[in-house]
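Inspection log for the structure reproduced underneath, given as structure tokens.
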Amino acid sequence: MSKFQKKLKRRRDLFKHTTNYGESINKRKQFTIQLSQNKREQQLIKRRNLNNTNQTNTVSQEKQKEKKTPTIDELPTLLKGIQSQDIDEVKNNLTSLRIMVSEKDSPIDIIIEERTLQILIHFLYPQLDNYIRFQTAWILTNLCSGTTEQTLIVVELGFIPKLITLLDSEDANLIEQGLWCLGNIASDCIQFRNEILKNEFIIEKILQQFSKKYLTLNITKNAVWLLSQLFRRSPLPDVSLVEMALPTISSLLKSTNYSVISDACWTFNYISNEGSDYIDAILEFDAIPILVQLLRNTRTQIQTPSLLTISNIVSGNNQQAQSVLDEELLDNLKYLLNDQQNHIRKETLRILSNITAGTKSQIRAVIKSGYIKKIIDILKNDVWSIQKQALWVLSNAVCEGSTKQVNYILKCNSLQLFCFFLCRSEPKIIKICLDAIVKILQIGKDESEKNGSYINKYKLEMEEFQILKDLQRIAIHEVKSISKIANYLIDFYFTNEQEDIENFD
1 MSKFQKKLKR RRDLFKHTTN YGESINKRKQ FTIQLSQNKR EQQLIKRRNL NNTNQTNTVS
61 QEKQKEKKTP TIDELPTLLK GIQSQDIDEV KNNLTSLRIM VSEKDSPIDI IIEERTLQIL
121 IHFLYPQLDN YIRFQTAWIL TNLCSGTTEQ TLIVVELGFI PKLITLLDSE DANLIEQGLW
181 CLGNIASDCI QFRNEILKNE FIIEKILQQF SKKYLTLNIT KNAVWLLSQL FRRSPLPDVS
241 LVEMALPTIS SLLKSTNYSV ISDACWTFNY ISNEGSDYID AILEFDAIPI LVQLLRNTRT
301 QIQTPSLLTI SNIVSGNNQQ AQSVLDEELL DNLKYLLNDQ QNHIRKETLR ILSNITAGTK
361 SQIRAVIKSG YIKKIIDILK NDVWSIQKQA LWVLSNAVCE GSTKQVNYIL KCNSLQLFCF
421 FLCRSEPKII KICLDAIVKI LQIGKDESEK NGSYINKYKL EMEEFQILKD LQRIAIHEVK
481 SISKIANYLI DFYFTNEQED IENFD
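Residue numbers (UniProt numbering): 1 to 505.
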């Protein structure tokens, strides 16, 4: 392998947008986290204000009267009431307490300070009345929609194992509320997530809910929400646990409920973000064709996590990227480049840049699908944040492509763009433009020698674009790798000195 080929290989390894690549990926992760946090906040608000509308069996048998919301001054009376020996008085006061904590801006801190939790922990035992257990779980669910400090008290008092026992119930309401509360706890922070995962059977218990005869839509929603939160943060549970859950999560992509599909998509995003072994696990199942089709879903809560998942997989190795390409990915990506949302266009271009950082056959697929002219149009007309991603697509295609592929790209009037974007101040952008220019000039040199003209047509075009002035400016750039390439190009192509590109290190 020549020095030039070694340089290209190093570039490929460096500039494929893997999930560990530099600042741009960190920003993308923050964007992903913000999206999922926004989603979570909306759901938690819904949880705090949840009305008692979907209860069946156990709860409906306990016909409760309409109650006004108790004031905080009534809390001592309520706490005394739930410790009564009279079961009806316990239920009545427990219901009032649940109404209090279900209100928006409920005084969670004061409720916790009154040692409420120390009393409630005794109300989750399986031998107790299901209505009492249900109301207790509901109270905990709302308390755990508060701050991390508030949820920490629930965790430290040992509620998690008792909440998990609710999943063994035959009462749909208890199962639903147990899943809901555990999901709120897991979503708060990785430490709480790990406390739940200490129960070695928790994933299995969640998955069992999908095969129970009394499975409801609410149970499905809360079960997939909990799974998404257990797989949300790095490091993920062992890949064997993930593999156990993947068939179920894959099947949920076919749900008719948009919330279920969205949470399933987010779960795939979190898993695919963890690295090659987890991507391989995903590829073992039939999720990819569905995820690719979901790119056409116009609902942002479904389209975005699907797109991010595909992006994670394509950022893996070439074989993993090819697995997605084989599912007609390029046909389904096209219309996303016209999406009104910047983050959708940007992520679509990131996917394309990872494909063009791959094999020549993958670059050929991008070219044959008609993307190059669209990329050039974006580089001419879109906003700068989108143009940057488009430039990666083009630069990768040039640096990794064959001579025939590069010549086609240049016939689409891309050469002027590489020269133009040298004027930008961002070092990474300058660097990828220089890398493409090195490859283009090398091809021009090789072709001129082959046809005996010794006239490098691409050099002449660049001179028309006054590239020498820009090269001289960045020849003194503070980033050494940039100044080194600029000086090399000046010396080798734009002066009378001729050195072989093989000598450039």
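Using N, Cα and C, we set each Cβ at its ideal position, and we do this for glycine too.
- Between the beta-carbon of R133 and that of L79 there is about 18 Å, and that puts the pair past the 8 Å contact cut.
- When DSSP states are grouped into helix, strand and coil, Y125 belongs to the coil group.
- Of the candidates E200, V154, V239 and R193, R193 places its Cα closest to the Cα of W225.
- If you draw a straight line from the Cα of K431 to the Cα of Q389, it comes to about 14 Å.
- CA-CA distance, K221 to L308, rounds to 21 Å.
- G444 carries a helical assignment under DSSP once its states are collapsed to helix, strand and coil.
- DSSP places Y408 inside the alpha helix (DSSP H), whose first and last residues are T403 to K411.
- The three-state secondary structure of D263, taken from DSSP, is helix.
- With a 10 Å radius around the Cβ and a threshold of 16 neighbouring Cβ atoms, E103 comes out exposed.
- Secondary structure note for S96: its alpha helix (DSSP H) is the uninterrupted segment I87 to S102.
- Within the model, the alpha-carbon separation for N297 versus Q303 is close to 6 Å.
- Secondary structure at K360: helix, using DSSP grouped into helix, strand and coil.
- Collapsing the DSSP output to three states places Q319 in a helix.
- Taking a C-beta distance under 7 Å as the contact criterion, A281 and V239 qualify as a contact pair.
- Following the DSSP letters along the chain, one finds Q150 inside the alpha helix (DSSP H) bounded by residues T148 to E156.
- The stretch 193-203 and the stretch 131-151 do not touch, with fewer than three beta-carbon pairs separated by less than 8 Å.
- With distances taken between CA atoms, I455 lies nearest to Y493 out of A475, E274, Y493 and K484.
- In this structure W180 is buried. Its beta-carbon is surrounded by 16 or more other beta-carbon atoms within 10 angstroms.
- Nearest neighbour of R424 by Cα position, chosen from A436, Q301 and W384, turns out to be W384.
- P305 sits buried, since 16 or more C-beta atoms from the chains shown fall within 10 Å of its C-beta.
- The Cβ atoms of L283 and N332 lie no closer than 7 Å to each other.
- Under the three-state reduction of DSSP output, Q466 falls in the coil class, being neither helix nor strand.
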